[in-house]
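Protein chains in written order, with my numbering: chain P, 835 to 1159; chain G, 835 to 1159; chain D, 294 to 635; chain W, 294 to 635.
Here a beta-carbon is modelled for each residue, glycine too, at the ideal position from N, C-alpha and C.
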Amino acid sequence: MAQLSYREAVSAAIAQEMRRDPTVVVLGEDIAAAGGVFKTTEGLLAEFGPLRVRDTPISEQAIIGAAAGAAMTGLKPIAEIMFSDFFAVCWDLVVNQIAKTRFMTNGQCSFPLVIRSANGGGARFGAQHSQSVENWAMAVPGLKVVAPSSPADIKGLLAAAIQDPDPVLFFEHKLLYGTKGEVPEGDHVDQLGKAKVLRAGNDVTIVALAAMVPRAMKAADILQTEHGVSAEVVDVRSLVPLDTTTIFASVSKTNRLVTVEENPRLCGWGAEVSSLVAEELFWDLEGPIVRVTTPHIPLPSADALEDAVMPSVERIVASVLKLAD
Amino acid sequence: MAQLSYREAVSAAIAQEMRRDPTVVVLGEDIAAAGGVFKTTEGLLAEFGPLRVRDTPISEQAIIGAAAGAAMTGLKPIAEIMFSDFFAVCWDLVVNQIAKTRFMTNGQCSFPLVIRSANGGGARFGAQHSQSVENWAMAVPGLKVVAPSSPADIKGLLAAAIQDPDPVLFFEHKLLYGTKGEVPEGDHVDQLGKAKVLRAGNDVTIVALAAMVPRAMKAADILQTEHGVSAEVVDVRSLVPLDTTTIFASVSKTNRLVTVEENPRLCGWGAEVSSLVAEELFWDLEGPIVRVTTPHIPLPSADALEDAVMPSVERIVASVLKLAD
Amino acid sequence: MTETTGPLTTAIANAPTADTETRLDLYRTMQACRMMEQRAYDLFMQNLIKGTSHLALGQEAVAAGFGVAMREDDYTFCTYRGHNHTLVRGVSMTGILGELMGREIGLLNGKGGSMHLMDVTKGAMGSYAIIGAHMPIAAGAAWSAQYRESGQVSVCFFGDGTTNIGAFHESLNFAAVWNLPIVYVCENNLYMEYTPIADVTAVANPAADRASAYGLEAVLVDGNDADVMYATAIAALEKARSGAGPSLIEAQTYRHGGHSRADPGKYRPNEEVAAWKARDPIPVYRQRLQDAGVDVATLDAIDAEQSARVDAAEEAARNSGPPPLEIADTEVWADGGSSWRN
Amino acid sequence: MTETTGPLTTAIANAPTADTETRLDLYRTMQACRMMEQRAYDLFMQNLIKGTSHLALGQEAVAAGFGVAMREDDYTFCTYRGHNHTLVRGVSMTGILGELMGREIGLLNGKGGSMHLMDVTKGAMGSYAIIGAHMPIAAGAAWSAQYRESGQVSVCFFGDGTTNIGAFHESLNFAAVWNLPIVYVCENNLYMEYTPIADVTAVANPAADRASAYGLEAVLVDGNDADVMYATAIAALEKARSGAGPSLIEAQTYRHGGHSRADPGKYRPNEEVAAWKARDPIPVYRQRLQDAGVDVATLDAIDAEQSARVDAAEEAARNSGPPPLEIADTEVWADGGSSWRN
Ligand SMILES: Cc1ncc(C[n+]2csc(CCOP(=O)(O)OP(=O)(O)O)c2C)c(N)n1
Ligand SMILES: Cc1ncc(C[n+]2csc(CCOP(=O)(O)OP(=O)(O)O)c2C)c(N)n1
Ligand SMILES: [Mg+2]
Ligand SMILES: [Mg+2]
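Structure (structure tokens):
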């Protein structure tokens, strides 16, 4: 085990896969010499050279299109979209082309590519640089969607995403880049589509993702120590494929579900999880399914305002307590 | 009352509002002389002239951007995005600019504009011309989202959308363009954010939208006549604002809910409705909430395949019966 | 505006006439396209093709010129108006007509439809239905060829109207900066759907007048002349293959029919249609071959052979049933399935 | 590549020197920008500005030239690097610094942040943080002015890196085809973030070498010269107002600091930085005014007045509290609220 930051785990995973497979290539804005604006690709140019690590113009459609065409013809590109908000400028390539072409051609081609992006709020960047858009991706058939919460998961899941034969949208949370954690040394590849029970409990299941995971964990602490409520915390990790087995097993045990989403309320992944449970596990439920989300608003920039609207530890605690009533 | 087709109701509503308000202007590809590829803007050029009805290049970002800039400075543009799948090429303008700028500037400017688009499947157009993307829009704070199922609703809701001071995404269903119905004559303006109970019933609430509404109505017929099940059918009409009052009143009465969505499964509007009911109306429920959706796949082109995957009358009936068990 | 001198235009202008076998191949390829598209039209009329479809009747010389000139392992990317571009790569005609008809025997087993023809085994890397989207994808294939040092070239066809969308611009700049082995071919048929291209474009030649914005040579050629298109293709493919980077070709041509199935094309002046039909690439080329000494019997034999080929393809497509319903939800993922949960 | 003759370039070259009052205004405006941006930098260093911020130190002549030349009711659209472009429209400096600091007194009451400054009452129609997005929006405002026959002009500022994104292309073509009263101003500061623009662009002058792709004249000017920028602005605004359509201006300039708060700008050769700092638009202009007979005391007075202005603005911003939490979920809709249900 080594101590790595979430940021360092990104480049560690990419380097690991680039060493293993010469068809893995990296492209994006300022990712080569500059090492990326979030310093997540530092060292790659030096180790792998300018043919495998390439800077691009500010042309997100070209970046994603190039990744698609390269993936169809033998390469395994890793493209960076600097902030996930910018998916909106190349959404057609992602959702209409990459997500659909394999299906439309009944399997003639594959898209073994990864699109990495800095996702989420809390950094006072304002409404156009702070969105959680993992649910945009989840709504589109043909995309795998991963959003890790720890350095170890970054390394293992990014390596798995690169090895995966399907297109994976890989959401790194910009608030977590500085966090550190134990990461398995040497080659390490995790599995997509597996949620993780991070804390066992009996009274309620809290399902969370990415930056909401540490908040859910803190809330579970407080619930236990201050309120005697035993919460089980599930880190979803992967929205597509979705590990309903793990989520359902937890809800079957606790009989209560709270989802904690950073995205704005409407049509978030929590809605999907809630609807699955309401349909398939209805008779196990002993109370309403509660969703904690950012309200259905863009994110404000000022620190006081941003903190007021994103789901906080306190809000999670309060929501669970209301349910436990 | 006059008999109009759904298609004719579109141009009737636009013409009504253009007569009333000289700041209403129309732009899009092939919408002027050609009257639109779906013939929904026929006659407008002749009546209102080339300054108010303007053809554009194939430049969806320019179309939507121009509408935004014009809306900020005194006009009320109606922009056409020919097929709703093409929202993906101008999504940034819609979701990052139009949806957020009023909020970010704390109310300095408004976006009184409408973006109309042909939405939905069933016309054998293949995966890139058949999507139901109303849930993409619903997921983004700052957009109003409307999707009518009848000629009367087209006229009344499109007029309301044009008069509305906020950006409205107006989804016309391409399978319904040819359908006819009674439409109030003379000036007619409906209200956004109101669902409609189209058929009263006691055993189960079926909530549907756009082209799924006639299917839900047929299913309700069959349920009544062949199975003795009394279904209440609610046409959502407007996803944002969402008329939870009408939906909740119905579910409180029937105690059972089935949503019928055309969009692919994950994160559809039905998930949101389901999660709302599971949270706020849980104790009224007497059974699981069932969602009928297109599977989470792109739409296939061949008629046999397309018919097999979109929610059918039979599938709705079967889903309700399973629930009623 | 358009400058018309430079290495590529010079190479095209100075190209020797192709040998007779190649020219017969060009003729054969154009006839195959023509007859297949006409048959597709007939099948619409019989309601055997559902949905929409976009024919390239009149534009055959562009597809044929490239099809004959390309190496087998080169890549093509085309649009919804891409039946011909697909066929010229050696793709099964039965597969194409079958796909238009939504039959199991279709290239995509009915899952794609007329706007999405693809056969990767022939380098026909797909038909794309959203304007401009395939242009960066084609650049990606060129990048892959460059990276793998395979010597392959990526050829990307698109229309005049496509030059006004953002993806066009991003792709051309990207391809130029990365010096990719790609040939962008704009078929200027004067219309984007029902609107004359001049009404919505700031320059007279939508592609050629923009080449300089990407440091490229302006190349404007007669898209109705199979010899010119062949010479153009040879020169641009050679340029790409030799490492000299991308080309942007504007081929002037015309579609004989409407934009799509639903469109009778009434917005076009009669004289314009007549003038272009008089320049129909196929009879013109037939005459030219005759003038060059090819005997009529040879040409007639080609016609008969292609006509029989279309008959056989239609027959096979008709005999194929609808696709089995079980495939409706397969092949979303590389594992063959569509599951999003465990 | 770039041609540099045409009515607009001729008008700029032949423009008479502005009168002294106007020139003092240019000087004053540049100093206001400079001092405000320097203060913003100090406030970062004290961690009083959170998030990110992008300074335009060194690029003041462009904003000032246009700011002084524009009519009060004209529109400007700018980017995240838009503090100066906002200020020069007469917008409150306290509002700007307050917004950077996330205070209630901020222009947007803290809801937008440094990348989104806007004051519609001054025609400052917003700062946009996604590359290229504001370019078609600016065209829309120009369309509105054209439709209302208001005589207003829309001015849109953007960077060299922005010329490679799709929205740039769509906007320019659209504005040209609709003959809109708009002036597009590319501030070529040689870098897109940390990457030299030449590494990612197919032409040497990213905007000027592309003007012909939209039927426009190539205009390449010294963006560090306030007189040139003023003359350029006057000429292009007049062209737009007279109905002669859009212009695309490339102004060559340089940012003294890094791309954003986090960036020390180390990727730039020292000599390059030094050479450009020697051409700092403000001392150069000060000297030029002195040479033209303006006395030092006048210039010193302007400096002192602007310095005091910045002090006062900072003071007012510091004294303002954080925005009230109640505004966090307001103004999504025109009714002032954010409700999505009944
Ligand atoms: C992004 C996008 N916008 C609009 C359309 C609708 N559309 C399909 S074909 C077409 C015209 C294309 O014109 P051109 O590029 O000249 O090609 P042609 O049809 O003439 O071959 C349009 C506007 C589309 N498919 N995609
Ligand atoms: C669509 C998009 N892609 C990338 C970015 C990230 N980004 C912000 S500024 C910038 C560089 C812009 O360069 P330029 O246009 O030259 O403007 P400058 O910063 O030099 O003023 C980039 C890539 C963005 N904001 N939007
Ligand atoms: Mg065309
Ligand atoms: Mg720059």
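**Request:** Would you mind sorting G:GLU1140 into buried or exposed? The rule is 16 or more other CB atoms within 10 Å of its CB.
**Result:** In the second sequence, the residue the question calls residue 1140 of chain G occupies position 306. Buried: at least 16 other Cβ atoms inside 10 Å.
**Asked** Excluding the five sequence neighbours on either side, which residues of its own chain have a C-beta within less than 6 Å of the C-beta of G:GLY960, listed in chain order?
**Response** Here the question's residue 960 of chain G lines up with position 126 in the second sequence. Taking G:GLY960 as the centre and dropping the five residues before and after it, the same chain places the C-beta of SER1135 closer than 6 Å to its C-beta, in chain order.
**Request:** Mind checking which residues open and close the alpha helix (DSSP H) that includes W:ARG534?
**Result:** In the fourth sequence, counting from the first residue as 1, residue 534 of chain W sits at position 241. Note, W:ARG534: alpha helix (DSSP H), 519-534.
**Request:** Can you say whether G:PRO1001 is buried or exposed, counting buried as having 16 or more other CB atoms within 10 angstroms of its CB?
**Result:** Your numbering for residue 1001 of chain G matches position 167 in the second sequence. G:PRO1001 comes out buried.
**Pick from P:GLY1104, P:VAL980, P:GLU842, P:LYS934 that is closest to P:PHE945, judged by C-alpha positions** = Numbered from 1 along the first sequence, position 111 holds the residue referred to as residue 945 of chain P. For the residues P:GLY1104, P:VAL980, P:GLU842, P:LYS934, the minimum Cα distance to P:PHE945 belongs to P:LYS934.
**Request:** Please decide whether D:HIS549 counts as near chain G, where near means a Cβ-Cβ distance under 9 Å.
**Result:** Along the third sequence, read from residue 1 onward, the residue named residue 549 of chain D stands at position 256. No, its Cβ sits nowhere closer than 9 Å to a Cβ of chain G.
**Asked** When the Cα atoms are used, what is the spatial distance from W:LEU380 to P:LEU1133?
**Response** Indexing the fourth sequence from 1 puts residue 380 of chain W at position 87. Indexing the first sequence from 1 puts residue 1133 of chain P at position 299. Roughly 25 Å between the two C-alpha positions.
**Message:** Please tell me whether, using a cut-off of 8 Å, the distance from the CB of P:LEU878 to the nearest non-hydrogen atom of ligand 4 is below it.
**Reply:** Working through the first sequence from its first residue, we reach residue 878 of chain P at position 44. Not one heavy atom of ligand 4 lies closer than 8 Å to the C-beta of P:LEU878.
**Prompt:** If the cut is a Cβ gap below 8 Å, which residues of chain W does G:ALA901 touch?
**Reply:** Taking the first residue of the second sequence as 1, we reach residue 901 of chain G at position 67. The answer, in chain order, is GLY433.
**Asked** If you draw a straight line from the alpha carbon of W:ALA435 to that of W:THR591, how long is it in whole angstroms?
**Response** Along the fourth sequence, read from residue 1 onward, the residue named residue 435 of chain W stands at position 142. Along the fourth sequence, read from residue 1 onward, the residue named residue 591 of chain W stands at position 298. Using only the alpha carbons, I get a separation of about 38 Å.
**Prompt:** Nearest chain W C-beta to G:ILE865 closer than 9 Å, yes or no?
**Reply:** Residue 865 of chain G sits at position 31 when you count from the first residue of the second sequence. Not an interface residue.
**Prompt:** In terms of residue numbering, what span does the alpha helix (DSSP H) encompassing G:VAL1111 cover?
**Reply:** Within the second sequence, numbered from 1, the residue matching residue 1111 of chain G stands at position 277. Going by DSSP, G:VAL1111 is part of the alpha helix (DSSP H) stretching over 1103-1114.
**Request:** Report, in whole angstroms, the separation of the C-beta atoms of G:GLU1113 and P:PRO1122, which I expect to be a contact under 8 Å.
**Result:** Mapped onto the second sequence, residue 1113 of chain G falls at position 279. Mapped onto the first sequence, residue 1122 of chain P falls at position 288. Your pair G:GLU1113 and P:PRO1122 checks out as a contact, with CB atoms roughly 5 Å apart and the cut at 8 Å.
**Request:** Out of P:GLY1035, P:GLN962, P:ALA1029, point me to the one whose CA is closest to P:THR1078's CA.
**Result:** Position 244 of the first sequence, counted from the first residue, corresponds to residue 1078 of chain P. Closest by alpha carbon: P:ALA1029.
**Prompt:** Taking three-plus beta-carbon pairs below 8 Å as touching, is the segment 515-524 of chain W in contact with the segment 313-333 of chain W?
**Reply:** In short, these stretches touch, since the Cβ pair count reaches three.
**Asked** Using 9 Å as the limit for Cβ to Cβ distance, is D:PHE370 near chain W?
**Response** As a working note, residue 370 of chain D is residue 77 in the third sequence. Not one chain W Cβ lies under 9 Å of D:PHE370.
**Distance between D:LYS415 and D:GLY351 (C-alpha atoms, nearest Å)** = By 1-based counting over the third sequence, the position of residue 351 of chain D is 58. By 1-based counting over the third sequence, the position of residue 415 of chain D is 122. Between the C-alpha atoms of D:GLY351 and D:LYS415 there is a straight-line separation of about 24 Å.
**Message:** Please state whether the Cβ-Cβ distance between D:MET323 and D:PRO574 is less than 9 Å.
**Reply:** Counting from one through the third sequence, the residue named residue 323 of chain D turns up at place 30. Counting from one through the third sequence, the residue named residue 574 of chain D turns up at place 281. Their beta carbons are under 9 Å apart, which means D:MET323 touches D:PRO574 by this criterion.
**Request:** Show which residues of chain W have a CB atom less than 7 Å away from the CB atom of D:TYR421.
**Result:** Residue 421 of chain D sits at position 128 when you count from the first residue of the third sequence. Contact note: D:TYR421 does not reach chain W at a C-beta cutoff of 7 Å; the least C-beta distance is about 16 Å.
**Message:** Tell me which residues share the same chain as P:GLN962 and place their Cβ nearer than 7 Å to its Cβ, disregarding the 5 neighbours each side in the sequence.
**Reply:** Start at 1 with the first residue of the first sequence, and residue 962 of chain P comes out as number 128. The residues are ASP919.
**Request:** Would you identify the three-state DSSP class for G:VAL871, choosing helix, strand or coil?
**Result:** Counting from one through the second sequence, the residue named residue 871 of chain G turns up at place 37. Three-state DSSP puts G:VAL871 in coil, outside helix and strand.
**Request:** Scan the segment 933-972 of chain G and note each continuous alpha helix (DSSP H) run of 4 residues or more that stays entirely inside, going in chain order.
**Result:** With a minimum length of 4 residues, the continuous alpha helix (DSSP H) runs that stay inside the segment 933-972 of chain G are 935-938, 968-972.
**Item:** Beta-carbon contacts of G:ALA904 that lie in its chain and below 6 Å, excluding the five residues immediately before and after
**Value:** On the second sequence, residue 904 of chain G is found 70 positions in, with the first residue counted as 1. Around G:ALA904: PRO911.
**Item:** Beta-carbon proximity list for G:SER1086, same chain, < 6 Å, skipping 5 on both sides
**Value:** The sequence position of residue 1086 of chain G within the second sequence is 252, counting from 1. Once the five neighbours on either side are set aside, the close Cβ partners of G:SER1086 are ASP1118.
**Message:** For the segment 382-392 of chain W against the segment 438-446 of chain W, do three or more pairs of beta-carbon atoms, one drawn from each stretch, fall closer than 8 Å, so that the two count as touching?
**Reply:** Result no; under three Cβ-Cβ pairs closer than 8 Å.
**Item:** CA nearest to the CA of W:PRO615, picked from W:GLY399, W:TYR373, W:ALA524, W:ALA544
**Value:** Here residue 615 of chain W corresponds to residue number 322 of the fourth sequence, with the count starting at 1. Taking only the C-alpha atoms, the option nearest W:PRO615 is W:GLY399.
**Prompt:** Nearest to W:GLN331 by alpha carbon, out of W:TYR368, W:ARG548, W:VAL587, W:ALA627?
**Reply:** As a first step, residue 331 of chain W must be located in the fourth sequence, where it is residue number 38. Scanning W:TYR368, W:ARG548, W:VAL587, W:ALA627 for the CA closest to the CA of W:GLN331 turns up W:ARG548.
**Asked** Beta carbon of W:ASN481: closer than 8 Å to some heavy atom of ligand 4?
**Response** Counted from its first residue, the fourth sequence places residue 481 of chain W at position 188. Result yes, Cβ under 8 Å from ligand 4.
**Message:** Going by beta-carbon coordinates alone, are P:SER983 and P:LEU1026 separated by less than 9 Å?
**Reply:** Position 149 of the first sequence holds residue 983 of chain P. Position 192 of the first sequence holds residue 1026 of chain P. Cβ atoms of P:SER983 and P:LEU1026: not closer than 9 Å.
**Own chain residues within Cβ distance below 6 Å of P:VAL1124, not counting five before or after** = The residue given as residue 1124 of chain P occupies position 290 in the first sequence. Within the same chain, and ignoring the five residues on either side of P:VAL1124 in sequence, the residues whose Cβ sits closer than 6 Å to its Cβ are VAL1092, SER1153, LEU1157.
**Request:** Kindly identify the DSSP beta-bridge partner or partners of G:ASP889.
**Result:** Mapped onto the second sequence, residue 889 of chain G falls at position 55. According to DSSP, G:ASP889 bridges with G:GLY862.
**Asked** Quick one: does the C-beta of W:TYR484 sit closer than 8 Å to a heavy atom of ligand 4?
**Response** Within the fourth sequence, numbered from 1, the residue matching residue 484 of chain W stands at position 191. Checking every heavy atom of ligand 4 against the Cβ of W:TYR484, one is found closer than 8 Å.
**Prompt:** Does the beta carbon of W:GLY395 come closer than 9 Å to any beta carbon on chain D?
**Reply:** Start at 1 with the first residue of the fourth sequence, and residue 395 of chain W comes out as number 102. Closer than 9 Å: no.
**Asked** In terms of DSSP beta bridges, what is W:SER540 paired with?
**Response** Here residue 540 of chain W corresponds to residue number 247 of the fourth sequence, with the count starting at 1. In the DSSP secondary-structure assignment, W:SER540 is bridged to W:VAL476.
**Asked** Between P:MET972 and G:VAL967, what straight-line distance do the alpha-carbon atoms span, to the nearest angstrom?
**Response** What you label residue 972 of chain P is simply residue 138 of the first sequence in a count that begins at 1. What you label residue 967 of chain G is simply residue 133 of the second sequence in a count that begins at 1. Each residue's CA atom was taken as its position, placing P:MET972 and G:VAL967 some 13 Å apart.
**Request:** Could you tell me if the beta carbon of W:GLY550 falls within a distance shorter than 8 Å of some heavy atom in ligand 4?
**Result:** As a first step, residue 550 of chain W must be located in the fourth sequence, where it is residue number 257. No, Cβ of W:GLY550 sits at least 8 Å from all heavy atoms of ligand 4.
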